[in-house]
Amino acid sequence: MMLFEQSRSRREAMRLAAISVAVAALTPRLAFAKPEDVKAEMDKLYGGKEMATGKLKLDMPEIAENGLVVPINIEVESPMTEADYVKSVSVFAEGNPFPRVLTYHFTPACGRAAASLRMRLAQTQNVIAVAETSTGQLYTAKSEVKVTIGGCGG
Amino acid sequence: MISRREFVVAATAAASLATASGRSLAQVASSGKLTQDDLLRFDATGKVTLLHITDTHAQLNPVYFREPSVNLGVGETKGLPPHVTGAAFLDQFKIKPGSPQAYALTSEDFVALAKAYGRMGGFDRIAALVKAIRAERGDDNVLLLAGGDELQGSWTSLKTRGEDVLQALKALKLDAMVGHWEFTYGADRVKEIAEAGPFAFLAQNIRSLEWQEEVFPAAKVFERGGAKIAVIGQAYPRTPIANPRWMTPDWEFGLREDDLRRQVESARSGGADVVVLLSHNGFDVDRKLARRVKGLDVILTAHTHDAIPMAVEVDKTLLIASGSHGKFLSRLDLDVKDGRVAGYRFGLIPVFSDAIAPDAEMTKLVADARAPYAAELAREVGRTESVLYRRGNFNGTLDDVICQAMIEQRDVEIALSPAFRWGTSLLPGDPITFEAISNATAVTYPNCYRSAMTGKQFKDVLEDIADNIFNPDPYFQGGGDMVRLGGVGYAIDVAQPIGKRISNLTLLRSGAPIEADRSYTVAGWASVNQNVEGPPIWEVVERHVADRKTIKVEPNDAIKVTGA
């Protein structure tokens, strides 16, 4: 029942790809989003509305074991009835090339507003999730994930 | 018959730390002779006894192990044990300088006291103590637990993939253990060890990557002294970061606090009177965890090799730190009443090898395990004029030797040596045998690479590792020390955030600052990458020591530390 939507429309992706190519011509490194880019993207989606913490649970490791596939578990507390259900959950990354990673869409028939994914993290950064309910409530949670270059333990 | 060393110490002290009551060790020592009975004297309480050994690093025989003189705490752990060393440690725990405890627990007067009190540890000595305690308390009342890093750290363990220590642990009648370096023998070998038993190999925090299923049993319930004791296992949560992930490619680790909470709840609802976390998190991580995960009566800590002569109470949880390399056996008596711990008594028993009559069966088992390698182990490569040790936040003389070996044998400007906390110590005048070299280098990924690195890459690596030690949040601390450097000096402000701690990087051979864009030749070993090329590090060190014949280490003043 859960629908999956890429974070960018095709047109957006093309435009961003074009920018990346242009950037690549100047520097061999990918341009990374900044916390301001995530804020701008969130403002665009949610209009700067107030967000509550507590109901959305974002479960990620403190330190990524493999930055290429970092596990994320998301769960939102909700009755998931026609009257009150979680419509969507979006995931944002403050230090990856694109500020919005993806959006999950839910319906009351989903029963639970929960999802698991694995994402690549280019560097140590904050990952933010935002849930929007059918009643217009916004819930958020943030997790800092450390991506190491050379651990040393023993 | 082993010769009994006379313990003659000038000082007297009233401190009674290592023995829970009666004559203190210091009093004992001042009276002239320390005996096995003195080490075992304990004012028993309740019916249940937990015994804990940890991080023995496969040292089957007694060893010298110098505790750190520098072990800085940052943030909320600053100035708290285990981040207290030397004279401040003696002060805090009211230990008389020059006493047996001072020798066992600190680096103060290490060389002189090592000569007076001798080597510590040895599985035949531990076995003698364990047997005596079992006899005193009754077999059915004693639980023996090992905190991990037991099967790695020696030549014989490397060659037998931990089998030598495994047999010794079985002979000790171990009840359960957890793992860290055990995983560097590869997933198949660890599964084999775990499934062979008879003791339990526990890990609540390891999952299969694909299905998120438990790889090992999370917990086991034991009946001891009429009480149900649930032991939950916690493997070293950063194993795939600090050690090669390719050796356990299908497993995911991590702290997994929520899963741990569920384990505690399930233990309680299953009727457990006592819930114990057998942990390899490291002391600071466990101190934080004790505040966040309720319902743990005891955390048996490990990994960071701290020896603390008292139980540290965090809310209602007791934290026990039992040292490393077989130097200590922890005894925790619990008085269990109405389904809870009503009282306890703790003793950190120092395993003074010369004071204990070794257990003959274990002596034979160890000798037999070592026999096939006897010639290699005994091979004398050179001698040392300096005390050689590894432990300490920034450098150790043994690592200085290893770094110098890499610079000379691999012809590089810079050498990096991993800051492992294991490895035995040598006294001035001691022969440097191949065994001594392997005690600091025996890993399953030993290749000494030769490579190039820019100044910027080099600094980024140092910053990353420094953050792994000095991040003020213990959950971001990996539990090693600062990488050891040869050929380079630097300043470090441990109070700064990542990216801002390291400065004044200097190439020592020219005195010139390290340039961000310049490429430098670098050698190192124990890379976590796969298919690393180069000779094993023990060969590199052996060639160096053989070339020099006599090793003398000058004081290392290339690292300036601030912010502590």
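Protein chains in written order, with my numbering: chain B, 17 to 170; chain H, 1082 to 1645.
Note that beta-carbon positions come from the ideal geometry of N, C-alpha and C, so glycine has one too.
Tell me, which residues are paired with residue i by DSSP?
| i | result |
| --- | --- |
| Gly1567 (chain H) | H:Ala1496 |
| Pro1594 (chain H) | H:Thr1587 |
| Trp1332 (chain H) | H:Ser1289 |
| Pro142 (chain B) | It should be noted that the sequence gives Asn, not Pro, for residue 142 (chain B). Paired residue(s): B:Glu160. |
| Gly1463 (chain H) | H:Ile1513 |
| Glu148 (chain B) | B:Ser104 and B:Leu154 |
| Leu1283 (chain H) | Per DSSP, none; premise fails for Leu1283 (chain H). |
| Pro87 (chain B) | B:Arg134 |
| Asp1449 (chain H) | Answer is none; Asp1449 (chain H) lacks a bridge partner. |
| Ser1411 (chain H) | H:His1133 and H:Leu1429 |
| Val1417 (chain H) | H:Val1422 |
| Ala109 (chain B) | B:Val143 |
| Asp1574 (chain H) | H:Thr1643 |
Does the beta carbon of residue i sit closer than 7 Å to a beta carbon anywhere in chain H?
| i | result |
| --- | --- |
| Pro77 (chain B) | yes |
| Thr164 (chain B) | yes |
| Glu91 (chain B) | no |
| Glu160 (chain B) | no |
| Thr43 (chain B) | Residue placement at Thr43 (chain B) is poorly supported in this model, since its pLDDT is 43, which falls under 50; the coordinates still yield a value, given next. No, because no Cβ of chain H sits closer than 7 Å to the Cβ of Thr43 (chain B). |
| Glu81 (chain B) | yes |
| Ala157 (chain B) | no |
On the three-state DSSP scale, how would you describe residue i?
| i | result |
| --- | --- |
| Met76 (chain B) | coil |
| Phe1515 (chain H) | helix |
| Leu1153 (chain H) | coil |
| Pro1321 (chain H) | helix |
| Gly1560 (chain H) | coil |
| Lys1641 (chain H) | strand |
| Ala68 (chain B) | strand |
| Lys1301 (chain H) | strand |
| Met1201 (chain H) | strand |
| Ser1360 (chain H) | strand |
| Thr1385 (chain H) | coil |
| Lys1254 (chain H) | coil |
| Glu1295 (chain H) | strand |
| Leu1098 (chain H) | Here Leu1098 (chain H) scores only 41 on pLDDT, less than 50, and its place in the model should not be relied on; the value that follows carries that caveat. In the structure shown, Leu1098 (chain H) sits in coil (DSSP, three-state: anything other than H, G, I, E or B). |
| Leu1247 (chain H) | helix |
| Val92 (chain B) | strand |
| Arg116 (chain B) | strand |
Measuring only between beta-carbons, confirm whether residue i sits less than 7 Å from chain B.
| i | result |
| --- | --- |
| Ile1322 (chain H) | yes |
| Tyr1556 (chain H) | yes |
| Gly1306 (chain H) | no |
| Asp1136 (chain H) | no |
| Gly1335 (chain H) | yes |
| Asp1435 (chain H) | no |
| His1625 (chain H) | no |
First and last residue of the beta strand (DSSP E) that includes residue i?
| i | result |
| --- | --- |
| Tyr1530 (chain H) | Tyr1530 to Thr1535 |
| Gln1315 (chain H) | Ala1308 to Gln1315 |
| Tyr1601 (chain H) | Ser1600 to Gly1605 |
| Met135 (chain B) | Ala129 to Met135 |
| Ala1227 (chain H) | Val1223 to Ala1227 |
| Gly1404 (chain H) | Counting along the chain, Gly1404 (chain H) falls outside any beta strand (DSSP E), and DSSP gives it neither H nor E. |
| Ala1423 (chain H) | Arg1421 to Pro1431 |
| Val1395 (chain H) | Val1393 to Val1395 |
Quick one: give me the first and last residue of the alpha helix (DSSP H) that residue i is part of.
| i | result |
| --- | --- |
| Arg1629 (chain H) | Ile1618 to Arg1629 |
| Ala1213 (chain H) | Phe1204 to Arg1218 |
| Glu57 (chain B) | Pro51 to Tyr62 |
| Ile1483 (chain H) | Thr1478 to Arg1491 |
| Glu1273 (chain H) | Ala1268 to Ala1277 |
| Val1366 (chain H) | Phe1364 to Arg1373 |
| Ser1238 (chain H) | Trp1236 to Thr1241 |
| Gly1167 (chain H) | Gly1167 to Gln1173 |
| Arg1502 (chain H) | Taken as a continuous stretch (DSSP letters only), Arg1502 (chain H) belongs to no alpha helix (DSSP H), as it is neither H nor E. |
| Asp1118 (chain H) | Gln1117 to Leu1121 |
| Arg1343 (chain H) | Glu1338 to Ser1350 |
Report whether the distance from the Cβ of residue i to the nearest heavy atom of the ligand FAD is below 6 Å.
| i | result |
| --- | --- |
| Gly1463 (chain H) | Among the ligands in the structure shown, none appear at all, so the ligand FAD cannot be discussed. |
- Message: By the 8 Å beta-carbon criterion, what residues does the segment 1339-1367 of chain H contribute toward chain B?
- Response: For the segment 1339-1367 of chain H, which is checked against every Cβ of chain B, the residues closer than 8 Å are Asp1339.
- Task: Using a Cβ-Cβ cut-off of less than 7 Å, give me the residues of the segment 1518-1549 of chain H that come near chain B, in sequence order.
- Result: Of all residues in the segment 1518-1549 of chain H, Asp1541, Val1542, Asp1545, Ile1546 and Asn1549 have a Cβ within less than 7 Å of some Cβ in chain B.
- Item | Residues within the segment 1573-1595 of chain H neighbouring chain B, beta-carbon criterion of under 7 Å | For the segment 1573-1595 of chain H, the set of residues with a beta-carbon nearer than 7 Å to any beta-carbon of chain B is empty.
- In chain order, what residues of the segment 1141-1156 of chain H put their CB closer than 7 Å to some CB of chain B? Within the segment 1141-1156 of chain H, no residue has a Cβ that lies closer than 7 Å to any Cβ of chain B.
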